[in-house]
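> The opening residue of the sequence shown carries number 1 in full-length UniProt numbering; numbering runs sequentially from there. Yeah, the Cβ is synthetic: ideal placement off N, Cα and C, and Gly gets one too. I have a structure here, written as structure tokens, and I will follow up with some questions on it.
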Amino acid sequence: MDDPDELLMMYDGPTKILESRDVAGIARYMESEQCKRIFVLSTIMARLNLPYPRALFERTYFRFNPIPLYTLARELHPGRYRPTPTHTFVKLLCDGGSLQMCFTENIDALERQAGIPQNRLVEFHGSFASQSCIDCKQEYDGLKMPDALEQGEAARCEACGGFVKPSVAFHGDPPPQAFTDSSPELESADLLFVIGTSLATQPFASLATMVPQSCPRVLINMDFGGDIGMRSDDVLLLGRCDDVVRDLCRELGWDETLEREWTKTELQAPTSDVMKSGEERRATIQGDNAAGPVLNGLNGDVPREDLRLDGANEFGVMGGDGEWQEQEPKSDSLTERLRTALEQSEKPSSHASSDPGTFVARSLSGEELFADTIADYPSRPVEGSAAEGERLAAA
């Protein structure tokens, strides 16, 4: 079996639970008395193609220069993007009482925006929906954060003066407690949906192996993922997530409900609170759904950016019905803004402490900015000889 696809589809015998390995078979099973506890693993956020991504999520680098992460925070701040029909499908599972938990690697908080309650959601990498002090851990007023994003300033903790960090996980952080507490529940799953992920990152990928052997697993993605396809009741629905979800909802008779509920997520999308004053945002929270213009960068005047790659990302979402996402000129793309922010690390941020940590002040080359994430401490001094440093850098 030289074909890698064949390696992933080792099981070709009869099903044990499902009537068939297709949309119709999944729909019939979901309507049966056997299917009561459904779990979802999702990573349906568009790939951002970030320059030197690990630098953005490295704690020491954030203390040295928080502005690159703030650039990304502004882009993904809640309200910037609208949930997809796929997010809405997960909410329908919740509304029907069958969703036990949605484990997501997304950091854009679109699950929350779609209406999935916190007690049914585990954000494995955190999200930009909240923030706290990197030092004393005190929560920071969410109504004040958009002001910092608008001004291009790193917010400071009002208690200790430390940097305010969006509640996204940094490299080396342990899994959230909710992940540890909730993952054993997968052992009672009747059905598992794996949506928009190739299950390439541990320990998140291991969740798909924790469901019972008798539990059907459904992969909705543009490509294969993990070991799904090797069990008798694994189903591969390869294609654009939104298209597959609509097909499934049509089979279930949920198509009108899906479109109606997804329409509710539009509101005044893609508007955002980012440019409102504190008083205006408070008015919004108190019931005024009017929203201000979206600014995507820290320069205060950038048109909306489409995060899709060539019209649709590899997970097949944010395309088709996403006309509200207008494509931004490539010269002003998020990638370029982040690259600029990282290149400006010739000196620590003006808000950094006098001792910025282990990073030395120097610019990053283009090669470094877009290098692999294996050996990626771009500004950390190399110990030992220059030759040894070159050897480590090349490793």
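What span of residues does the beta strand (DSSP E) with Pro176 cover, start to end?
Unbroken run through Pro176: none, as it is neither H nor E.
> Where does Val245 fall in DSSP's three states?
DSSP places Val245 in helix when its eight states are reduced to three.
> Taking Glu123 as part of the beta strand (DSSP E), name the residues at either end of that continuous run.
Counting along the chain, the beta strand (DSSP E) containing Glu123 begins and ends at 121-123.
> Kindly indicate which residue of Glu153, Gly225, Met210, Gly196 has the alpha-carbon position closest to the one of residue 444.
Residue 444 lies beyond the stretch modelled for the chain, which goes from 1 to 395, so this question has no answer here.
> Does Lys165 pass the burial test, meaning 16 or more other C-beta atoms within 10 Å, or should it be called exposed?
Counting Cβ neighbours within 10 Å, Lys165 comes out buried, since at least 16 surround it.
> Express the C-alpha separation of Gln131 and Gln202 in angstroms, rounding to a whole number.
Spanning the two alpha carbons is a distance of roughly 25 Å.
> Could you tell me which uninterrupted beta strand (DSSP E) segments, each at least 3 residues in length, are contained entirely in the segment 186-245, listed from first to last along the chain?
DSSP runs (the beta strand (DSSP E)) wholly in the segment 186-245: 191-195, 217-221, 234-238.
> Decide if Arg100 is buried, meaning its Cβ has at least 16 other Cβ atoms within 10 Å, or exposed.
Note that residue 100 corresponds to Gln in the displayed sequence, not to Arg. The residue is buried, with at least 16 neighbouring Cβ atoms inside 10 Å.
> At the level of alpha carbons, what is the spacing between Arg21 and Asp247?
Looking at the two C-alpha atoms, the distance is approximately 14 Å.
> Between Ser232, Ser214, Ser198, Arg240, which lies nearest to Leu41 when the distance is taken from Cα to Cα?
Comparing Cα positions, the closest option is Ser198.
> Please report the straight-line C-alpha distance between His171 and Phe57, rounded to a whole angstrom.
So the two alpha carbons sit approximately 6 Å from each other.
> In the structure shown, what three-state DSSP assignment does Gln131 receive?
Gln131: strand per DSSP, three-state reduction.
> For Met101, which residues does DSSP report across the bridge?
Met101 is bridged to Phe39.
> Can you confirm whether the segment 152-159 touches the segment 75-86 when touching is taken to mean that 3 or more C-beta pairs between the two stretches lie within less than 8 Å?
No, because fewer than three Cβ pairs between the segment 75-86 and the segment 152-159 fall closer than 8 Å, the two stretches do not touch.
> Hey, quick one: how far does the alpha helix (DSSP H) through residue 448 stretch, first residue to last?
The first residue shown for the chain is 1 and the last is 395, placing residue 448 beyond what the model contains.
> On the CB-based measure, 16 or more other CB atoms within 10 Å of its CB, does Lys16 come out buried or exposed?
Exposed.
> Would you say the segment 91-109 touches the segment 212-229, given that touching needs at least three Cβ pairs under 8 Å?
No, the segment 91-109 does not touch the segment 212-229.
> Terminal residues of the continuous alpha helix (DSSP H) containing Tyr70?
Where Tyr70 is concerned, the enclosing alpha helix (DSSP H) stretches over 67-76.
> Just to confirm my understanding: we take Glu19, look at its own chain, exclude 5 residues before and 5 after, and list those with CB closer than 8 Å. What are they?
Contacts found: Gly25, Arg28, Tyr29.
> Just list the residues that DSSP pairs Arg156 with in beta bridges.
Note: Arg156 sits in a beta bridge opposite Phe163.
> Applying the criterion that 16 or more other CB atoms from any shown protein chain within 10 Å of the CB defines a buried residue, is Ser75 buried or exposed?
The question names Ser, but residue 75 is Glu in the sequence shown. Flag for Glu75 reads buried.
> What are the partner residues of Gly126, as DSSP defines its beta bridges?
Val168.
> Classify Glu187 as buried or exposed, calling it buried when 16 or more other Cβ atoms lie within 10 Å of its own Cβ.
Glu187 is exposed by the Cβ-count criterion.
> Output the distance between the C-alpha atoms of Ala208 and Pro184, rounded to the nearest integer angstrom.
Cα to Cα, the separation comes out at about 12 Å.
> Quick one: give me the first and last residue of the alpha helix (DSSP H) that residue 416 is part of.
No statement about residue 416 is possible, as the shown extent of the chain runs from 1 to 395 and does not include it.
> In angstroms with no decimal places, state the Cα-to-Cα distance between Arg59 and Asp255.
Those two C-alpha atoms are separated by around 44 Å.
> What is the residue span of the alpha helix (DSSP H) that Thr15 lies within?
No alpha helix (DSSP H) contains Thr15, which DSSP labels as neither H nor E.
> Candidates Asp233, Pro175, Leu69, Asp190: which alpha carbon is nearest Ala205's?
Nearest C-alpha to Ala205: Pro175.
> Taking the beta carbon of Leu236 as the centre, do at least 16 other beta carbons fall within 10 Å, making it buried, or is it exposed?
Leu236 is buried by the Cβ-count criterion.
> If I measure Cβ to Cβ from Thr257 and keep anything under 8 Å in the same chain, skipping five residues before and after, which residues do I get?
Same-chain partners within the cutoff: Leu92, Cys249.
> By DSSP's criteria, Glu139 is part of a beta bridge. Which residues make up the other side?
Answer is Ser132.
> Apart from the five residues on each side of it in sequence, which residues of its chain come closer than 7 Å, Cβ to Cβ, to Ala109?
So the qualifying residues of the chain are Pro78, Ser127, Phe128, Ala129.
> Pick from Glu259, Arg217, Leu69: whose alpha carbon is nearest that of Asp242?
Checked all of Glu259, Arg217, Leu69; the closest Cα to Asp242 is Glu259.
> For Ile134 and Val23, I'd like the C-alpha separation in whole angstroms.
One C-alpha to the other measures close to 46 Å.
> With DSSP run on the structure shown, which of helix, strand or coil describes Gly25?
Gly25 falls in the helix class under three-state DSSP.
> Do Cys35 and Leu191 have their C-beta atoms closer together than 8 Å?
Yes, the pair counts as a contact, with Cβ atoms nearer than the cut-off.
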